[in-house]
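Here the structure comes first, spelled out in structure tokens, and everything after it is commentary.
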Ligand SMILES: Nc1ncnc2c1ncn2[C@@H]1O[C@H](COP(=O)(O)OP(=O)(O)O)[C@@H](O)[C@H]1O
Ligand SMILES: O=C(O)[C@@H](O)C(=O)COP(=O)(O)O
């Protein structure tokens with residue numbers, strides 16, 4: 001069976017966010033972790049989201065892995081390829097959104113690539129090429145303090161140009177409001193003057209539906225879940241019922257691992273403190289004391305039979321800054337690895353329902369646990385679905401983008417996983 005849509009996501013929470021959007025629009029969607037091993041039975045699916053952990057790796061690695069995913073998706077007959085990036089455009093001047101978009105475009109012989117991180121449902125809108133998070137421009141939002149990709153420029157044409165070899169243009173809102181044909185014409189005109197990728201404004205779902213119609217007729221597009229909504233609408237047509245599977249209960253303990261330092265996650269941790277056991281990890285000891293993690297697992301083991309526990313490295317920008325100056329630029333990757341070991345320890349203690357906060361953190365945890373693919377369940381919060389692992393022992397997951405979800409997210413996720421306490 002040919003795929004209507006083949007997607008390459010630059011992190012695992014982003015992949016589940018997109019898979020959630022496609023599923024809600026009626027596309028039967030599977031999320032795989034990396035390029036699947038030969039022999040994975042895809043079943044009857046319309047879309048596959050290949051999750052990579054390429055947002056913060058060197059650009060050459062991100063390009064090579066993305067091209068590997070592209071080759072596999074083309075082998076499955078994918079009609080349109082979407083490169084899923086963060087709705088806050090998380091990246092550095094060295095990449096990886098520009099280099100990967102250009103490499104995919106070259107491989108597909110695509111003309112101009114439309115690019116938009118707009119996702120109005122979660123407050124991300126793009127106007128005159130400038131990205132807003134809620135009412136604030138990106139560079140004034142909490143993303144300015146991200147531990148790995150601090151976002152200090154809201155002008156996405158400028159941001160993308162700095163990481164692209166070829167010219168970047170803009171499809172402004174006045175054109176987008178005129179609909180799909182106008183967008184197509186503007187992209188063609190930009191292509192004629194040598195532009196190879198273009199930021200597309202979008203402030204409302206209707207803009208994304210128009211863009212999706214224009215983009216679906218092309219070979220490649222780059223964006224966040226809002227673009228996925230538009231593409232899915234073009235693929236299935238409006239009004240398709242979202243299929244939410246009814247899954248049998250999964251036995252086993254429940255736990256939360258938090259590695260995101262985003263403002264939303266910090267608030268979510270505060271919200272459950274006092275209602276369930278919360279361990280705010282001592283990062284100096286986590287990175288420097290070989291016995292510390294075993295001690296934290298013993299702490300969890302004493303409590304899991306009574307209900308969910310949370311272990312988190314999450315900290316405020318001031319604390320993150322101090323830890324980075326003490327432990328160096330590799331602190332984030334080392335913390336991710338330590339959290340992944342803790343997650344494996346928790347699974348060893350019988351945890352089968354696991355919530356992970358943070359995109360890079362989720363990548364490290366899911367890789368460590370060896371999960372290879374997910375089915376998509378009900379939506380817990382915009383951009384965050386319930387996931388069920390495919391193959392191996394069945395577990396339920398929620399991989400939460402650091403910035404997503406309201407203060408009550410963890411309770412909502414535990415409820416969706418049917419935990420009793
Ligand atoms: N206390 C801390 N100090 C410094 N870095 C941290 C701390 N806790 C977590 N990190 C790192 O910050 C990064 C958070 O990124 P990520 O997990 O993608 O979260 P988000 O979804 O909020 O972007 C990870 O590399 C993580 O290991
Ligand atoms: O598009 C989004 O905002 C998310 O899907 C996403 O990619 C978030 O990344 P993390 O904040 O690193 O989880």
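In UniProt numbering, the protein residues as written are 1 to 421. For every residue, glycine included, the Cβ atom is placed at its ideal position computed from N, Cα and C. Only a predicted model underlies this, so the values are computations on that prediction, with no experimental measurement involved.
For residue 379, the three-state secondary structure derived from DSSP is strand.
A check of alpha carbon separations from residue 313 across 262, 19, 61 identifies 262 as the nearest. Buried is the label assigned to residue 10, since at least 16 other Cβ atoms lie within 10 Å of its Cβ. DSSP, read as helix, strand or coil, puts residue 312 in strand. Residue 271 and residue 318 have their C-alpha atoms spaced approximately 21 Å apart. Straight across, the Cα-Cα distance linking residue 249 with residue 189 is about 54 Å. Taking the Cβ atoms as the reference, residue 51 lies roughly 11 Å from residue 30, outside the contact range of under 8 Å. For residue 49, same chain residues with a beta-carbon under 6 Å away, outside a window of 5 residues either side, are 7, 9, 15, 18, 19, 31 in chain order. With a cutoff of 8 Å on beta-carbon distance, residue 352 and residue 297 are scored as not near each other.
The Cβ neighbour count for residue 25, taken over all protein chains shown within 10 Å, is at least 16; the residue is labelled buried. Ranking 145, 133, 13 by CA distance to the CA of residue 322 puts 145 first. One Cα belongs to residue 172, the other to residue 381, and the distance between them is close to 30 Å. For the options 162, 125, 148, the alpha carbon positioned closest to that of residue 226 is the one of 125.
Residue 176 sits away from residue 157, with the two beta carbons spaced by 8 Å or more.
Counting C-beta pairs with one atom in each stretch, the stretch 328 to 340 and the stretch 370 to 389 have fewer than three that are closer than 8 Å, which means they do not touch.
Burial check for residue 94: the Cβ neighbour count within 10 Å stays below 16, so the residue is exposed. Distances from the CA of residue 2 to each of 244, 37, 75 were compared; the closest alpha carbon is that of 75. Cβ-Cβ distances below 7 Å link residue 408 to 271 in the same chain, with the five nearest sequence neighbours on each side left out; the list follows chain order. The count of Cβ pairs closer than 8 Å, one atom from the stretch 298 to 305 and one from the stretch 355 to 366, stays below three, leaving the stretches out of contact. By the neighbour-count definition (other C-beta atoms within 10 Å, threshold 16), residue 209 is a buried residue. Straight across, the Cα-Cα distance linking residue 160 with residue 57 is about 17 Å.
The straight-line gap separating the alpha-carbon atoms of residue 121 and residue 102 is approximately 28 Å. Going down the chain, each residue whose beta-carbon is closer than 5 Å to a heavy atom of ligand 2 shows up: 13, 14, 17, 86, 87, 224, 359, 401, 402. Rounded to the nearest whole angstrom, the C-alpha separation of residue 28 and residue 289 is 46 Å. Under DSSP, no beta-bridge partner is assigned to residue 328. DSSP assignment within the stretch 129 to 213 yields the following whole beta strand (DSSP E) runs of 3 residues or more, N-terminal first: 130 to 133, 167 to 171, 195 to 200.
Pairing residue 223 with residue 84, the inter-Cα distance amounts to about 5 Å.
Of the candidates 387, 292, 293, 23, 387 places its Cα closest to the Cα of residue 247.
The DSSP-derived three-state label of residue 221 is strand.
Under the three-state reduction of DSSP output, residue 274 falls in the coil class, being neither helix nor strand. Of 404, 385, 370, the smallest CA-CA separation from residue 37 is found for 370. With at least 16 other beta carbons inside 10 angstroms of its own, residue 168 counts as buried. Secondary structure note for residue 353: its beta strand (DSSP E) is the uninterrupted segment 351 to 357. In the DSSP assignment, residue 29 falls outside any alpha helix (DSSP H) and within the unbroken beta strand (DSSP E) covering 29 to 33. The shortest C-alpha to C-alpha distance from residue 284 to any of 119, 218, 113, 315 is the one to 315. Counting the other Cβ atoms within 10 Å of the Cβ of residue 365 gives 16 or more, which makes it buried.
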